[in-house]
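So the structure is just underneath, and the comments pick up after that.
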Amino acid sequence: MTTKSFLVSVLLVPALLFTGPDTAQPLEYPELPYVGKIPNDKGVLYVYRPFHIASFNLRPNIFINGEKQGPLFNGTFDEFLLDPGEYRITIKFPMSFPKLVKERDIEIEAGNGQFLGLFVKNAMRVGYGVMATKWDFRQVGRRTGVTDMARLDTPEEHEAKLEEKKREFEEMEEK
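Using my numbering, read the sequence shown as starting at 6 and increasing by one per residue.
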């Protein structure tokens, strides 16, 4: 066996078995209402923030063309059914971070979804916590977006979990 054929059989063949184009395996999750069933006359924008321990309690707000849509909690996603066209998506952090604004221009096409992720790029230890020092707000492909979001909560699920934790804490205090 030559070195070239060895490399092909050991490296390339397994890589091809575990990867493929985005259209090879359609990914659909019931908790993502529009994935796989976007109306023909609309497009969907998904904005998500994977869970990260750094700055986990920051709640930046999502703006679409300057209009506030709501907060983007750590470990959550939100989805917006939009008319086709160009949009400016802005993430603004709380007052304590006045200069931290992330923006992306994105084109929404009828029948398609676009995915934007807000990722912690760098973090540093501050006292007993970890604070994000750099953020990356970027567009990702469908496969990456759907796979990432399948692990996250909607804003409503996030709020319900917080309420449940609050009730548990109150019950513990009463005992």
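Where a beta carbon is used, it is the ideal one built from N, C-alpha and C, also for glycine.
Among the options, whose alpha-carbon lies nearest the alpha-carbon of residue i?
i    : options                  : result
A59  : F124, G116, R148 and I69 : F124
L50  : E114, P99, P65 and E108  : E114
T95  : P89, K180, G122 and A165 : G122
E72  : R93, V151, V131 and I111 : R93
F85  : R172, I69 and L105       : I69
E112 : K97, L105, G90 and V106  : G90
Apply the 10 Å Cβ neighbour rule to residue i and answer buried if 16 or more other Cβ atoms are within range, or exposed otherwise.
i    : result
R54  : buried
P26  : Below a pLDDT of 50, predicted positions are generally treated as unreliable, and P26, at 39, falls in that range; no measurement from the model is reported.
N62  : exposed
G132 : exposed
P31  : Bear in mind that a pLDDT of 43 at P31, under 50, signals an unreliable position, so the model cannot answer this.
T174 : A small correction: the amino acid at residue 174 is Phe; Thr does not occupy that position in the sequence shown. F174 is exposed by the Cβ-count criterion.
V52  : buried
V106 : exposed
M177 : exposed
DSSP state of residue i, grouped into three classes?
i    : result
F98  : coil
F56  : coil
K174 : Looking at the sequence itself, residue 174 is Phe, so the reference to Lys does not match. DSSP places F174 in helix when its eight states are reduced to three.
P181 : Here the chain comprises residues numbered 6 to 180, so residue 181 is not present and cannot be evaluated.
L167 : helix
D88  : coil
R156 : coil
E112 : strand
G71  : coil
R64  : coil
For residue i versus residue j, is the C-beta distance shorter than 8 Å?
i    : j    : result
R109 : F56  : no
G80  : L157 : yes
I43  : G150 : no
R64  : P99  : yes
Output needed for residue i: all residues of its chain with C-beta closer than 7 Å, excluding positions within five of it in sequence on either side, in chain order.
i   : result
T28 : Because T28 sits at a pLDDT of 38, beneath the cut-off of 50, its placement in the model cannot be relied upon, and the point is left open.
D88 : K47
Who are the near neighbours of residue i in its chain, counting only those whose CB is closer than 8 Å to its CB and skipping five residues on each side?
i    : result
G4   : There is no way to answer for residue 4, as the model of the chain reaches only from 6 to 180.
N127 : A137, T138 and K139
E162 : T81
Tell me which same chain residues have a C-beta within less than 6 Å of the C-beta of residue i, skipping the five on either side of it?
i    : result
L46  : It is worth fixing the name first, because residue 46 is Asp in this sequence and not Leu. For D46, where only same-chain residues beyond five positions count, the Cβ hits under 6 Å are A115.
F120 : Y51, V145 and G150
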